[in-house]
Amino acid sequence: EFGVGFFETDLSIGYTVNIAGQEVSLSYTDFSYDFGGNLPDSLDRQELTLSTSIMGLGISYTDGNSSDEVIPSGIDFSVITVDYTLSNVNILIGKVDSDLDIAQIADYSFFEISSTVAQVVGLDVSLTYSGTFSEHEESFAGGEANNAFVIGLSKGFDL
Numbered sequence: 015e016f017g018v019g020f021f022e023t024d025l026s027i028g029y030t031v032n033i034a035g036q037e038v039s040l041s042y043t044d045f046s047y048d049f050g051g052n053l054p055d056s057l058d059r060q061e062l063t064l065s066t067s068i069m070g071l072g073i074s075y076t077d078g079n080s081s082d083e084v085i086p087s088g089i090d091f092s093v094i095t096v097d098y099t100l101s102n103v104n105i106l107i108g109k110v111d112s113d114l115d116i117a118q119i120a121d122y123s124f125f126e127i128s129s130t131v132a133q134v135v136g137l138d139v140s141l142t143y144s145g146t147f148s149e150h151e152e153s154f155a156g157g158e159a160n161n162a163f164v165i166g167l168s169k170g171f172d173l
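Following this line, the structure appears as structure tokens:
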């Protein structure tokens, strides 16, 4: 439990090009977390993602690094996802691989089912149900699936 004062700041920049009906994207995201005095007090994560999609089917590869006060040199990780979009519903499955020496406790598979359901005051409102599966008994999750329901608000800008 993080208590009062938990903040997350994300900075994302990307470029997408359409080549003969196939979208190719490259993006960089910097995540910064402040846990309000709880240890570790801060966490930084950077991700570089290459993705492509055609006719609703997408695949992406993310190379990332996460560092905090406990492991300042960082932990390298990669994420591979495959997703399919039909109308405004997206179904995604993915696999996270970590370069930790004890990688079996950090590697897992996950899924997401999401949909943008409405626009409110110029913001897109989305609903997402996500979860993990295939954790090892010795994983951070103790072999238990972690599921979440998320309501998101976002605003995109085209330049």
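Residue numbering for the sequence shown follows my numbering, starting at 15 and increasing by one per position. All residues carry an ideal CB built from backbone N, CA and C; glycine is no exception. In this text the structure is predicted, and so the values were computed from the model without any measurement.
Problem set entry | Min CB distance Ile105 to chain C below 8 Å | The chain inventory of the structure shown lacks chain C, comprising one protein chain alone.
Problem set entry | N- and C-terminal bounds of the beta strand (DSSP E) containing Ser41 | Taking the first residue of the sequence shown as 1, we reach residue 41 at position 27. DSSP places Ser41 in the uninterrupted beta strand (DSSP E) bounded by Gln36 to Asp48.
Exercise. Taking Cβ positions, are Ser140 and Ser128 nearer each other than 8 Å?
Worked result: As a position in the sequence shown, residue 140 is number 126, starting the count at 1. As a position in the sequence shown, residue 128 is number 114, starting the count at 1. Against a cut-off of 8 Å, the Cβ pair of Ser128 and Ser140 comes out as a contact.
For this session: Could you tell me if Phe91 is buried or exposed, where buried requires 16 or more neighbouring beta carbons within 10 angstroms of its beta carbon?
Result: Looking up residue 91 in the sequence shown gives position 77. With 16 or more Cβ atoms within 10 Å of its Cβ, Phe91 is classed as buried.
Exercise. For the putative contact between Gly166 and Thr142, defined by C-beta atoms under 8 Å, what is the C-beta separation to the nearest angstrom?
Worked result: Within the sequence shown, the letter at position 152 stands for residue 166. Within the sequence shown, the letter at position 128 stands for residue 142. That pair is a contact at about 6 Å.
For this session: In angstroms with no decimal places, state the Cα-to-Cα distance between Glu37 and Thr66.
Result: Here residue 37 is taken as the residue at index 23 of the sequence shown, counted from 1. Here residue 66 is taken as the residue at index 52 of the sequence shown, counted from 1. Rounded to the nearest angstrom, the two C-alpha atoms are 5 Å apart.
For this session: Would you grab the beta carbon distance between Tyr98 and Gly70 for me? Rounded to a whole angstrom, and I think it's under 8 Å.
Result: As a working note, residue 98 is residue 84 in the sequence shown. As a working note, residue 70 is residue 56 in the sequence shown. That belief holds up - the Cβ atoms of Tyr98 and Gly70 are roughly 6 Å apart, short of 8 Å.
For this session: Could you have a look at Phe171 and say whether DSSP puts it in helix, strand or coil?
Result: Counting from one through the sequence shown, the residue named residue 171 turns up at place 157. Shown here, Phe171 sits in coil according to DSSP, grouped into three states, outside any helix or strand.
For this session: To the nearest angstrom, report how far apart Asp172 and Gly28 are at their CA atoms.
Result: Position 158 of the sequence shown, counted from the first residue, corresponds to residue 172. Position 14 of the sequence shown, counted from the first residue, corresponds to residue 28. Each residue's CA atom was taken as its position, placing Asp172 and Gly28 some 11 Å apart.
Problem set entry | Backbone secondary structure at Gly28 - three-state DSSP | Sequence index remark: in the sequence shown, residue 28 carries index 14 (1-based). Strand.
Problem set entry | Best match in Thr23, Asn32 and Ser112 for proximity to Phe45 [C-alpha to C-alpha] | Counted from its first residue, the sequence shown places residue 45 at position 31. Each of Thr23, Asn32 and Ser112 was checked against the Cα of Phe45, and the nearest Cα belongs to Thr23.
Exercise. Does the Cβ of Thr12 have 16 or more other Cβ atoms within 10 Å, making it buried, or fewer, making it exposed?
Worked result: Residue numbering for the chain in the displayed model covers 15 to 173; residue 12 lies beyond these limits and cannot be assessed.
Exercise. Out of curiosity, what's the CA-to-CA distance linking Ser112 and Thr43?
Worked result: Reading the sequence shown from its first residue, position 98 is the one you call residue 112. Reading the sequence shown from its first residue, position 29 is the one you call residue 43. Looking at the two C-alpha atoms, the distance is approximately 18 Å.
Problem set entry | Reduced DSSP category for Asn161 - H, G, I as helix; E, B as strand; rest coil | Within the sequence shown, numbered from 1, the residue matching residue 161 stands at position 147. DSSP, reduced to helix, strand and coil, places Asn161 within a strand of the structure shown.
Problem set entry | Coarse secondary structure for Asn104, derived from DSSP in three states | Reading the sequence shown from its first residue, position 90 is the one you call residue 104. Under the three-state reduction of DSSP, Asn104 is assigned to strand.
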